[in-house]
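Colleague: Residue numbers (the numbering used here): 106 to 255. Glycine included, each C-beta is placed from N, C-alpha and C at the ideal position. Please read through the structure below; I'll follow up with questions.
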Amino acid sequence: MNVAQKTVAVTGAGNGIGRTLTLHLLDKGARVACIDKDEEGLHETEMEAGSLAVRFSCHALDITENKAIPALINQILHNHGCIDGLINNAGVIQPFTTVKDIEMKDIERVMNINFYGTVNMTRAFLPHLLTRKEAHIVNVCSIGGFVPVP
Ligand SMILES: NC(=O)c1ccc[n+]([C@@H]2O[C@H](COP(=O)([O-])OP(=O)(O)OC[C@H]3O[C@@H](n4cnc5c(N)ncnc54)[C@H](O)[C@@H]3O)[C@@H](O)[C@H]2O)c1
């Protein structure tokens with residue numbers, strides 16, 4: 106996809122890979138809807154975007170809050186008019202330990218954010234993306250998905 110003039114929603118855009126993706130997309134002429142639960146991080150991304158931030162919007166949201174996602178989509182549509190792509194990047198790295206030693210609350214946290222957060226966002230955005238002539242969903246994962254550790 107040539108991203109110029111397209112609107113891409115990026116989760117986890119308040120830091121790390123999501124911030125870098127946002128800056129690259131803006132650089133290539135895209136409009137970017139930045140989503141993160143860390144509002145301060147989003148503003149730092151906006152600062153780094155400098156003059157390109159005219160094509161940028163900030164959306165403070167926890168992707169595990171499924172009920173809040175429809176309002177997010179309306180907000181993005183209000184700001185940008187359409188959505189052409191979703192990059193599911195927000196996620197957390199679990200403590201590196203064995204199944205015997207990991208606590209259930211840690212497993213639930215990782216599953217709620219990395220798995221269900223991605224499922225929530227994808228299911229909510231998909232009906233709109235399917236109305237576009239061309240649209241993409243990108244899921245950022247981990248080498249751990251290909252080469253799992255015990
Ligand atoms: N950096 C690596 O080496 C590496 C390795 C394997 C996988 N990953 C995956 O790549 C993605 C990005 O990693 P990163 O290194 O940039 O991480 P990071 O911690 O620097 O940034 C992740 C961002 O996601 C946001 N976030 C976390 N939970 C959220 C939630 N529930 N709702 C909304 N936002 C949330 C955080 O606030 C943060 O701004 C993650 O999914 C991570 O698991 C990264």
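(1) Taking the runs of the beta strand (DSSP E) that are 3 residues or longer, which of them lie wholly in the stretch 118-166?
(2) Output the distance between the C-alpha atoms of Glu144 and Ala154, rounded to the nearest integer angstrom.
(3) Heavy atom of ligand 1 less than 7 Å from the Cβ of Lys142, yes or no?
(4) If we ignore side chains and look at the alpha-carbon of each, how far apart do Ala240 and Asp211 end up?
(5) Tell me where the beta strand (DSSP E) around Asn193 begins and ends.
(6) Judging by CA-CA distance, which residue of Arg136, Asn193, Val224 and Met209 is the nearest neighbour of Gln110?
(7) Does at least one heavy atom of ligand 1 sit under 7 Å from the Cβ of Ser247?
(8) From what residue to what residue does the beta strand (DSSP E) around Thr112 run?
(9) Thinking His164 and Ile188 are a contact (beta carbons under 8 Å), I'd like their distance in whole angstroms, please.
(10) Does ligand 1 have even one heavy atom less than 7 Å from the beta-carbon of Ile174?
(11) By the three-class DSSP mapping on this structure, what secondary structure does Ile242 have?
(12) Run through DSSP, which three-state label would Gln199 get?
(13) Measuring only the C-alpha atoms, how far is Leu128 from Asn217?
(14) Would you say the beta carbon of Asn194 is closer than 7 Å to some non-hydrogen atom of ligand 1?
Modeller: On the basis of the supplied data:
(1) 136-141 and 161-165
(2) 15 Å
(3) yes
(4) 34 Å
(5) Gly190 to Asn193
(6) Arg136
(7) yes
(8) Thr112 to Thr116
(9) Not confirmed; about 12 Å, so no contact.
(10) no
(11) strand
(12) coil
(13) 27 Å
(14) yes
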